[in-house]
Amino acid sequence: MADVRALAEAVFREESGRIVASLIRISGSFDRAEEAMQEAFASALASWPETGVPANPGAWITTAAHRRIIDAVRRERTRRDKQDSLRYEIESSAPATQEFEEEPMGFADDRLRLIFTCCHPALNREAQVALTLRTLGGLTTPEIAHAFLVPEATLAQRLVRAKRKIQEARIPYEVPPVGRLRERLAAVQAVIYLIFNEGYSASSGDCLVREDLCAEAIRLGRVLCDLMAGDAENLGLLALMLLQNSRRAARVVDGALITLEEQDRSLWDQSAIGEGLALLEGALRLRQAGPYQVQAAIAALHAQAGKAEQTDWAQIAALYEKLGEWNPSPVVALNHAAAVAMSAGPEAGLRRMASLSSALDGYYLFHAARADLLRRLERRTDAVEAYRRALELAGNPVERKFLSRRIRELE
Amino acid sequence: MRYMMLVYSKELDGEMPAEEAVRIRAGHAAVLQDAAQKGILQGAEPLAPTTTATTVRMEDGKPLITDGPFAETKEQLAGYYILDCQNLDEAIEWAARIPTGCKGAEGCIEIRPLPMMPKHG
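Line order of the protein sequences matches chains A and B.
Following the working numbering, the numbering of the first sequence begins with 1380 at its first residue and continues without gaps.
Following the working numbering, the numbering of the second sequence begins with 2 at its first residue and continues without gaps.
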């Protein structure tokens, strides 16, 4: 019984995004699609222990959910004959209750529709993230609330409001026209990368849930690559996430943050690195340059250095400069300065950082980066002062622990 | 779905340069003409400036009258369009064409769906 439940849950996580996407097209309603999905899941739990798990559990759940949504749509149509104020229903030719052995063509389009609708610019970023994780990722509301450290009620409310806006303002359930595709795709990529970063940079909270977020972002990145393989930035984004995530095991040891320089590189996940590098190569062959590819290239240079001192910092500095052209932010400039420090010496890095002090004074990594260069120059008093400032600003216990250790070492 | 597009602009003192006035008028005319041709134009009007506004608020069952708009904001409501669009994306495309600037200052459009009134009986 426990096995059946675990299996059903695994199928649910894997297939729910795909199934919900088609249910939404048929019913025109996120809520009804979710309901049908949950009912199908419940009926699987009820009948599988007796009948045995079907050969293709995903197809079984898809078919069960489709039957339910078609019934619901029919009931709705009958009611609507009397009261025709609900006009949003998408007039679609609902497929008959056939068995879905394979993914028909239309299903891929449905998933793309769902991705673009969840990440529609008329929804705020928080709503985009919550909706994407809930509908495409199949995460439960408590899971998402837990991962983002917001009360469950707040997250539930966020989802309700987003779904209501989609319905009432009629955010279309479609892939944007070619002329708008690039900017809309950028919004989708931003949402996925934000989910990844929330998991990776772990501003606080439970580390298991955090790993889940990274895995989910990578899974969504894969979906996007499957559906739109011709977009180099999709490949670049997935490569970037895989390459960064490959360092996870080496990055935090016993609750302490380990810098790239000090990480045990034998703990890096070589299969993720291999996949990331291959994806990046594929992306570069498409010859559509973009910021995710540049960031992936930077991560790749780190991944390819067997030892910290073999890192090609001059190349990394050049890539950060390139990234700054797309994304002119002081944080990118800070990374550039740090790379310059590594290739041309700490003084050169400090000179570049000096010009960023007003923009980044409230950013703990700015002070931590400065402190690191001062430490390398053996300007101990200045270094301690900068580490203290970083410690005042850092929120996460893992980061605070790291900074405290540095201060102790210098004193 | 009908959408109301609320045009917000800065109300700046002084005359608008003739060239800009011509450009803005032409911008509105083009939107009005296109929308009318497509049969989706359901209304559009400019509003007189907020110096002419009066706000009425009921307090203890009596109307409390104040001079001016309901709130002092950086940009003020300057006019509206009502267009019948397929969905929000189409409404956004139209909104992007409506001039909002005034004497060089940028304005904005707020899009609000007009839900149908519930039927009586």
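Note that beta-carbon positions come from the ideal geometry of N, C-alpha and C, so glycine has one too.
DSSP, read as helix, strand or coil, puts residue 1578 of chain A in helix. Here residue 1540 of chain A really is in contact with residue 1506 of chain A; their C-beta atoms are around 7 angstroms apart, less than 8 angstroms. Identification of residues in the region 1495-1515 of chain A having a C-beta nearer than 7 angstroms to some C-beta of chain B yields 1501, given in sequence order. Residue 1547 of chain A belongs to the set of residues whose beta carbon lies under 9 angstroms from a beta carbon in chain B. Close partners of residue 1550 of chain A in chain B (Cβ separation under 8 angstroms): 88, 89 and 90.
Ranked by Cα distance from residue 1678 of chain A, the options A:1613, A:1600, A:1617 and A:1542 are led by A:1617.
When Cβ-Cβ separations below 9 angstroms define contact, residue 2 of chain B makes contact with chain A. The C-beta separation of residue 1592 of chain A from residue 1574 of chain A comes to about 6 angstroms, placing the pair in contact by the 8 angstroms criterion. Counting only runs of 3+ residues, the beta strand (DSSP E) found wholly inside the region 43-82 of chain B occupies 55-60 and 63-68, in chain order.
Selection A:1450, A:1790, A:1644 and A:1448 evaluated against residue 1684 of chain A yields A:1644 as nearest (Cα-Cα). By the CB criterion at 9 angstroms, residue 1732 of chain A and residue 1756 of chain A fall outside the cutoff. Residue burial annotation: residue 1436 of chain A is buried, with at least 16 other C-beta atoms found within 10 angstroms of its C-beta. Here the C-alpha atom of residue 1562 of chain A lies approximately 25 angstroms from the C-alpha atom of residue 1622 of chain A. Put simply, the CB of residue 1555 of chain A is near chain B, with a gap under 9 angstroms to one of its CB atoms. Separation of residue 44 of chain B and residue 10 of chain B (C-alpha to C-alpha, rounded to the nearest whole angstrom) is 19 angstroms. In this chain, residue 3 of chain B is not harboured by any alpha helix (DSSP H); it is covered by the beta strand (DSSP E) spanning 3-10. Setting aside the 5 residues that flank it on each side, residue 1443 of chain A is surrounded in the same chain by 1419 and 1422, each with a C-beta closer than 6 angstroms to its C-beta; the list follows chain order. For residue 4 of chain B, the closest alpha carbon among the candidates B:65, B:70 and B:41 is that of B:41. Look at the beta carbons and you see the region 1770-1783 of chain A touching the region 1629-1637 of chain A: at least three pairs across the two are nearer than 8 angstroms. Closest by C-alpha distance to residue 1736 of chain A, out of A:1713, A:1725 and A:1722, is A:1713. Taking CB atoms only, residue 1456 of chain A has no neighbour in chain B less than 9 angstroms away. Of A:1728, A:1453 and A:1705, the smallest CA-CA separation from residue 1696 of chain A is found for A:1728.
Comparing C-alpha distances from residue 1612 of chain A to each of A:1390, A:1686, A:1671 and A:1579 shows the shortest one belongs to A:1671. Put simply, of A:1709, A:1513 and A:1455 the residue whose alpha carbon is nearest the alpha carbon of residue 1397 of chain A is A:1513. For residue 1553 of chain A, there is no enclosing alpha helix (DSSP H), as DSSP marks it with neither H nor E.
Here residue 1515 of chain A has 1396, 1493, 1494, 1497 and 1599 as same chain residues with Cβ atoms under 7 angstroms from its own Cβ, once five neighbours each way along the sequence are excluded.
Within chain A, the residues whose beta carbon sits less than 8 angstroms from that of residue 116 of chain B are 1547, listed in sequence order. For residue 1529 of chain A, the closest alpha carbon among the candidates A:1544, A:1509, A:1548 and A:1545 is that of A:1509. Inclusion of residue 1652 of chain A and residue 1682 of chain A in the CB contact set at 9 angstroms is warranted, their separation being smaller than that value. No Cβ-Cβ contact shorter than 9 angstroms links residue 1715 of chain A with residue 1704 of chain A. Secondary structure note for residue 1637 of chain A: it is in no beta strand (DSSP E), with a DSSP letter that is neither H nor E. For residue 1764 of chain A, the uninterrupted alpha helix (DSSP H) segment begins and ends at 1759-1772.
Excluding sequence positions up to five before and after residue 1537 of chain A, its CB lies within less than 7 angstroms of the CB of 1505, 1506 and 1509, all in the same chain and listed in chain order. Here residue 1687 of chain A has 1640 as same chain residues with Cβ atoms under 6 angstroms from its own Cβ, once five neighbours each way along the sequence are excluded. Among the CB atoms of chain B, one or more fall inside 9 angstroms of the CB of residue 1559 of chain A.
Inclusion of residue 1789 of chain A and residue 1762 of chain A in the CB contact set at 9 angstroms is warranted, their separation being smaller than that value.
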